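I have placed the structure first, in the form of structure tokens, so that the comments after it can refer back to it.
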Amino acid sequence: MSSHCQDVEIEGLVRKRGVVLSNPRTPCSGQESQVFTLDDAIETLGFGKFHWLLLAVCGLCWWTIANFVMTISILGPSMQCEWNLSMWQVAFISSMFFTGQALWSPLWGKLADKYGRKLSIVLGLLNTFYFGILSSFAPAYNWFLFLWFLIGGSGSSFTQTTTLFAEYLTVKIRSRCLINFGVTWSIGMLTMIGVAVFILPIMTWKWFIFICSFPVFIIFFIAFWLPESTRYDMICGQTEKALATLKQISRFNGVPLPAGTLMASTKQESLGRMRDLLVEKQRRTTFLLWFIWLVNSFSYYGMVLLTTELMKMDNSCSVADHVASEASNCINPCQFLTTKDYITILWTTFAEFPGLFIASCISDLLGRKPTIGLSMLVFCVSSFCLIACLERTMITVLLFVGRGMILASFMTLYVYTPEVHPTAIRALGIGTCVACSRLGTILTPFVAQNHVFTLP
Numbered sequence: 001m002s003s004h005c006q007d008v009e010i011e012g013l014v015r016k017r018g019v020v021l022s023n024p025r026t027p028c029s030g031q032e033s034q035v036f037t038l039d040d041a042i043e044t045l046g047f048g049k050f051h052w053l054l055l056a057v058c059g060l061c062w063w064t065i066a067n068f069v070m071t072i073s074i075l076g077p078s079m080q081c082e083w084n085l086s087m088w089q090v091a092f093i094s095s096m097f098f099t100g101q102a103l104w105s106p107l108w109g110k111l112a113d114k115y116g117r118k119l120s121i122v123l124g125l126l127n128t129f130y131f132g133i134l135s136s137f138a139p140a141y142n143w144f145l146f147l148w149f150l151i152g153g154s155g156s157s158f159t160q161t162t163t164l165f166a167e168y169l170t171v172k173i174r175s176r177c178l179i180n181f182g183v184t185w186s187i188g189m190l191t192m193i194g195v196a197v198f199i200l201p202i203m204t205w206k207w208f209i210f211i212c213s214f215p216v217f218i219i220f221f222i223a224f225w226l227p228e229s230t231r232y233d234m235i236c237g238q239t240e241k242a243l244a245t246l247k248q249i250s251r252f253n254g255v256p257l258p259a260g261t262l263m264a265s266t267k268q269e270s271l272g273r274m275r276d277l278l279v280e281k282q283r284r285t286t287f288l289l290w291f292i293w294l295v296n297s298f299s300y301y302g303m304v305l306l307t308t309e310l311m312k313m314d315n316s317c318s319v320a321d322h323v324a325s326e327a328s329n330c331i332n333p334c335q336f337l338t339t340k341d342y343i344t345i346l347w348t349t350f351a352e353f354p355g356l357f358i359a360s361c362i363s364d365l366l367g368r369k370p371t372i373g374l375s376m377l378v379f380c381v382s383s384f385c386l387i388a389c390l391e392r393t394m395i396t397v398l399l400f401v402g403r404g405m406i407l408a409s410f411m412t413l414y415v416y417t418p419e420v421h422p423t424a425i426r427a428l429g430i431g432t433c434v435a436c437s438r439l440g441t442i443l444t445p446f447v448a449q450n451h452v453f454t455l456p
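Residue 1 is where the sequence shown starts when you use the UniProt record's numbering, and the numbers rise one by one after that.
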């Protein structure tokens with residue numbers, strides 16, 4: 001071996017023109033070395049069995065947090081009756097959940113950038129299960145508020161499944177996959193409505209939460225199968241670990257890796273630094289995304305919670321009568337949802353599926369930003385029409401359209417946000433966007449669950 005080769009071989013790696021090669025033998029063989037990048041590998045591996053399994057596990061995490069979000073909407077009337085709560089107190093339960101998400105999301109994002117995407121997801125699942133079980137034993141309203149805050153904070157880690165999933169997708173299919181990823185969220189919503197129809201008439205809401213918390217424990221063990229992000233491993237200098245993961249994917253998908261050795265930059269980047277989101281080239285994008293996420297979240301969760309409240313009336317004209325009746329009786333409303341109400345909520349939730357389909361079809365055709373803008377415009381029109389005095393059927397149609405289009409906008413944001421943030425701050429970028437979105441959502445219950453009854 002020449003002295004040149006002895007100079008460049010360091011601890012099983014080979015340095016050549018500013019790159020690190022995972023195989024030390026090739027450069028000194030007298031032939032030109034073949035190398036491939038991580039992007040080359042991901043494009044070659046495409047979408048196969050491994051990606052379907054990854055989608056299933058990450059989707060289960062989204063399914064879990066959707067369960068808890070829908071639980072807030074469904075259980076409001078039951079809690080109101082048992083603890084004799086005012087409408088403001090019921091709204092505050094939802095706000096505490098979203099406050100937890102707002103405060104914890106950046107922390108989970110920083111953890112995911114510093115120590116890996118997988119760790120934040122697994123810890124979030126464990127905490128969500130633990131606090132979910134505890135909340136079913138809450139002896140009083142204040143205890144439930146505190147535990148629901150912790151559940152919201154723990155569940156905010158699941159947004160990192162989007163980061164992990166996106167980092168294994170090719171550019172060509174990333175948009176469709178991430179948007180259709182939202183199907184698991186919608187299924188979670190539908191699951192809770194279906195379970196509520198059978199459980200709440202025969203059991204208390206505490207049993208409902210207890211039963212719905214156990215799937216999280218199962219998903220916690222399943223999540224250990226999740227691989228760490230290869231992009232995260234590469235940026236941390238763990239080239240061999242990333243290569244081992246790529247070989248595993250290659251076996252799963254039955255597709256060989258590109259010929260040659262895996263290449264990574266020798267430059268080590270600082271991970272998860274908040275100030276990197278605010279550098280000159282990122283600042284404008286960061287601030288705009290924070291605002292757009294806030295508006296989207298306020299609108300989406302507002303539509304979810306508003307649906308439950310509107311189902312308590314036969315038509316939107318009855319709001320004034322509802323308020324007048326309660327004012328004359330001077331008591332807090334205590335009205336459980338009926339089977340008819342659950343069926344209507346199911347129909348409006350089904351609207352999310354065509355919304356996702358529309359977004360997946362046009363996001364690549366029109367682009368991410370036009371898709372977001374068009375979806376929000378249609379949502380605004382349908383929401384504005386709800387101001388009119390309408391019968392229940394028309395209300396359901398408008399809720400259907402609005403719910404589908406705002407989710408289309410929301411899921412396109414989940415595609416766009418990881419694409420505009422570099423790997424070193426991608427998880428933190430999504431985490432801060434989720435935090436800002438929850439600032440808007442904190443106000444949502446007071447508008448959707450309380451203000452609707454104070455309209456003139």
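Note that beta-carbon positions come from the ideal geometry of N, C-alpha and C, so glycine has one too.
A quick note: this is a predicted structure, and the numbers were derived from the prediction, not measured.
Practice prompt. Please say whether residue 371 and residue 412 have beta carbons closer to each other than 8 Å?
Written response: As a position in the sequence shown, residue 412 is number 412, starting the count at 1. As a position in the sequence shown, residue 371 is number 371, starting the count at 1. Yes, these two residues count as a Cβ contact at 8 Å.
Discussion item. DSSP three-state label for residue 458, please.
Written reply: Nothing about residue 458 can be read from this structure; the chain reaches only from 1 to 456.
Practice prompt. Please name the residue, chosen from 144, 129, 156, that lies closest to residue 103 on a Cα-to-Cα basis.
Written response: In the sequence shown, counting from the first residue as 1, residue 103 sits at position 103. Taking each of 144, 129, 156 in turn and checking the Cα distance to residue 103, the smallest one comes out for 156.
Worksheet entry | Opposing strand residues paired with residue 163 [DSSP bridges] | One-based indexing of the sequence shown puts residue 163 at position 163. BP columns for residue 163 are empty, so no partner.
Worksheet item: Using 8 Å as the Cβ pair cut-off and three pairs as the minimum, do the segment 142 to 154 and the segment 92 to 107 touch?
Response: yes
Worksheet item: Do the segment 172 to 181 and the segment 356 to 372 touch if we need at least three Cβ pairs shorter than 8 Å?
Response: Per the Cβ contact rule, the segment 172 to 181 is in contact with the segment 356 to 372 (3 or more Cβ pairs under 8 Å).
Discussion item. By DSSP's criteria, residue 262 is part of a beta bridge. Which residues make up the other side?
Written reply: Translated into the one-based positions of the sequence shown, residue 262 becomes position 262. According to DSSP, which records beta bridges pairwise, residue 262 is partnered with 36.
Discussion item. Going by DSSP in three states, residue 391 sits in which element: helix, strand or coil?
Written reply: To locate residue 391, count along the sequence shown from 1; it is residue 391. Looking at residue 391 - three-state DSSP - the assignment turns out to be strand.
Worksheet item: DSSP on residue 138, reduced to helix/strand/coil?
Response: Taking the first residue of the sequence shown as 1, we reach residue 138 at position 138. Coil.
Worksheet item: For residue 182, which option in 64, 226, 227, 73 has the closest C-alpha, if you only look at C-alpha atoms?
Response: For the purposes of this step, residue 182 is identified with residue 182 of the sequence shown, where counting begins at 1. For the set 64, 226, 227, 73, the Cα lying nearest the Cα of residue 182 is the one of 64.
Worksheet item: Touching or not, the segment 435 to 445 and the segment 389 to 408, by the rule of three or more beta carbon pairs under 8 Å?
Response: Short answer: they don't touch.
Worksheet item: For residue 372, which of helix, strand or coil comes out of DSSP?
Response: As a working mapping, residue 372 is identified with position 372 in the sequence shown. DSSP places residue 372 in helix when its eight states are reduced to three.
Worksheet item: Candidates 384, 377, 70: which alpha carbon is nearest residue 189's?
Response: In the sequence shown, the residue the question calls residue 189 occupies position 189. Closest option to residue 189, Cα to Cα, is 70.
Discussion item. Let me check understanding here. Comparing Cα to Cα, which of 366, 396, 365, 355 lies closest to residue 378?
Written reply: The sequence position of residue 378 within the sequence shown is 378, counting from 1. Considering only alpha carbons, the answer is 355.
Discussion item. For residue 260 and residue 45, what's the separation of their Cα atoms in angstroms?
Written reply: Along the sequence shown, read from residue 1 onward, the residue named residue 260 stands at position 260. Along the sequence shown, read from residue 1 onward, the residue named residue 45 stands at position 45. Taking the straight line joining both Cα atoms gives about 15 Å.
Worksheet item: Residue range of the alpha helix (DSSP H) that residue 99 falls in?
Response: Indexing the sequence shown from 1 puts residue 99 at position 99. In this chain, the alpha helix (DSSP H) harbouring residue 99 covers 87 to 115.
Worksheet item: Looking only at its own chain, which residues have a Cβ that is under 6 Å from the Cβ of residue 349, when we skip the five neighbours before and after it?
Response: Here residue 349 refers to the residue found at position 349 when the sequence shown is read from its first residue. Taken in chain order, the residues that qualify are 189, 190.
Worksheet entry | DSSP state of residue 84 mapped onto helix, strand, coil | Position 84 of the sequence shown, counted from the start, is the residue given in the question as residue 84. Here residue 84 sits in coil by DSSP.
Worksheet item: Of the residues 193, 215, 161, 105, which one's Cα is nearest the Cα of residue 73?
Response: Locating residue 73 in the sequence shown gives position 73, where the first residue counts as 1. Of 193, 215, 161, 105, the residue nearest in Cα terms is 193.
Discussion item. Let me confirm a value: residue 225 is counted as buried when at least 16 other C-beta atoms fall within 10 Å, else exposed. Which label applies?
Written reply: In the sequence shown, counting from the first residue as 1, residue 225 sits at position 225. With fewer than 16 Cβ atoms within 10 Å of its Cβ, residue 225 is classed as exposed.
Worksheet item: So, using beta-carbon positions, are residue 242 and residue 262 closer together than 8 Å?
Response: Counted from its first residue, the sequence shown places residue 242 at position 242. Counted from its first residue, the sequence shown places residue 262 at position 262. Contact flag set, yes.
Discussion item. Can you tell me whether residue 46 is helix, strand or coil according to DSSP?
Written reply: To locate residue 46, count along the sequence shown from 1; it is residue 46. Coil at residue 46, not helix or strand.
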